[in-house]
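This report concerns only the one structure given below.
This is how it looks when you write it as structure tokens:
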């Protein structure tokens, strides 16, 4: 999905304007070309390109104390459906995955990659759009830290890397995470440790969890259905490319879509045919979109990128990428980075 097709909840804008007393919301709306009726709509969504424009306008605003608090109740109260699945999960690991899975309820402009072991979860936060500040990465990392402390007060952050320069009140971020934030890194990453990742949550309510997860899933699908059906399918495929599943066969992915969307395989293919979009084309686009983003926005080795988009070898990935993009992945990365550097110097 291109940036203009992604969206962010207008709830964030209502919170922002409420926090910034004295700021002219009419001026803000004009500056980023947002209809104020969208901001006031209970389920309003702001397009991703306009949201990035807002972030650039406000990146030098001083941070509030609330923005620095890794308290899950403080950070998720505007999003009750998301809070429900995150704060009533069976385990800490499940809660962290639920946050990644249902972040669409807040916004889907940026995206998160996860790597995990028995006692460690590493989260890479990938920013979409050029010249982005890293406040969004730190904000999401603070939420993840809050979730971890809610389930396991003894959990701790092992590493926290940020691509950009120190932000306003940067020393306070060290206090927030109880570790030193390192800046000017190759990618945004938080590494979380807990020996209770898979320990059953003593306050888990299974009946309520089922209700909450259904509500969150329905809301997420409403957000995705605001575009075409093909875009909804494409977003699911992009999500599943980095969710740790090893089975990425066409049949398996189609069945997973049918289960998630509660439709038959016949209905899935019929709706795609109605939009003249073959399923295989969407799968190729999803894999290419993921690969391009990883090549442009991270310094991950090409071998790891090949693995993350589910190719069995570097050579198979290179053939696929070259056939689709018209150049090898190494050349694509070098040329795009060179062009980006020249743009910054111009």
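Numbering (the working numbering), first residue to last: 5 to 350.
For glycine and all other residues, C-beta sits at the position ideal for the given N, C-alpha and C.
Treat the numbers as computed from the prediction; the structure is a model and nothing was measured.
- With respect to residue 141, residue 192 sits close: the two C-beta atoms are nearer than 7 Å.
- Rounded to whole angstroms, the separation of the alpha carbons of residue 107 and residue 12 is 10 Å.
- Per DSSP, the continuous beta strand (DSSP E) segment holding residue 128 begins and ends at 124 to 130.
- Scanning the stretch 40 to 86 for uninterrupted beta strand (DSSP E) segments of 3 residues or longer gives 49 to 51, listed from N- to C-terminal end.
- Only residues of its own chain outside the window of five on either side were considered, and among them 172 and 173 have a CB closer than 6 Å to the CB of residue 67, listed in chain order.
- When beta bridges are read from the DSSP output, residue 111 appears opposite 12.
- Apart from sequence neighbours up to five positions away, the residues of its chain that approach residue 190 with a beta-carbon distance below 6 Å are 303, ordered along the chain.
- Per the DSSP secondary-structure output, residue 191 pairs with nothing in a beta bridge.
- In the DSSP assignment, residue 30 falls within the unbroken alpha helix (DSSP H) covering 29 to 36.
- Apart from the 5 residues on each side of it in sequence, residue 277 has no Cβ closer than 7 Å to any other Cβ in its chain.
- Note on residue 92: 16 or more other CB atoms within 10 angstroms of its CB, so buried under the neighbour-count rule.
- Annotation: the continuous beta strand (DSSP E) that includes residue 163 extends over 160 to 165.
- Scanning the stretch 238 to 324 for uninterrupted alpha helix (DSSP H) segments of 4 residues or longer gives 254 to 265, 269 to 278, 283 to 301 and 306 to 312, listed from N- to C-terminal end.
- When the alpha-carbon of residue 168 is set against those of 151, 134, 312 and 72, the nearest one is in 134.
- In the three-state reduction of the DSSP assignment, residue 203 falls in the coil class, being assigned neither a helical nor a strand state.
- Cβ contact annotation for residue 306 (same chain, cutoff 7 Å, sequence separation greater than five): 318, 333 and 334, in chain order.
- Apart from sequence neighbours up to five positions away, the residues of its chain that approach residue 227 with a beta-carbon distance below 6 Å are 108, ordered along the chain.
- Secondary structure of residue 186 (DSSP, three-state): strand.
- Counting along the chain, residue 180 sits inside the alpha helix (DSSP H) bounded by residues 174 to 181.
- Residue pairing by DSSP places residue 120 opposite 125 in a beta bridge.
- Checking the DSSP bridge columns, you'll see residue 212 has no partner listed.
- Secondary structure note for residue 100: its alpha helix (DSSP H) is the uninterrupted segment 96 to 105.
- Put simply, the backbone Cα of residue 89 is about 9 Å away from that of residue 98.
- Excluding sequence positions up to five before and after residue 293, its CB lies within less than 7 Å of the CB of 242, all in the same chain and listed in chain order.
- In this structure, the beta-carbon distance from residue 301 to residue 104 does not fall below 7 Å.
- DSSP places residue 20 within a helical segment (H, G or I) once states are collapsed to three.
- At a Cβ-Cβ threshold of 7 Å, residue 147 and residue 79 count as neighbours.
- When secondary structure is reduced to three states using DSSP, residue 171 falls in the coil class, being assigned neither helix nor strand.
- In the same chain as residue 229, and ignoring 5 residues on each side of it, the C-beta atoms closer than 8 Å to its own belong to 236, in chain order.
- In summary, residue 331 is exposed, with fewer than 16 beta-carbon neighbours lying within 10 Å of its beta-carbon over all protein chains present.
- Distance from the CA of residue 28 to the CA of residue 39, rounded to the nearest whole angstrom, comes to 14 Å.
- In the same chain as residue 54, and ignoring 5 residues on each side of it, the C-beta atoms closer than 8 Å to its own belong to 36, 37 and 38, in chain order.
- A check of alpha carbon separations from residue 180 across 75, 32, 57 and 49 identifies 75 as the nearest.
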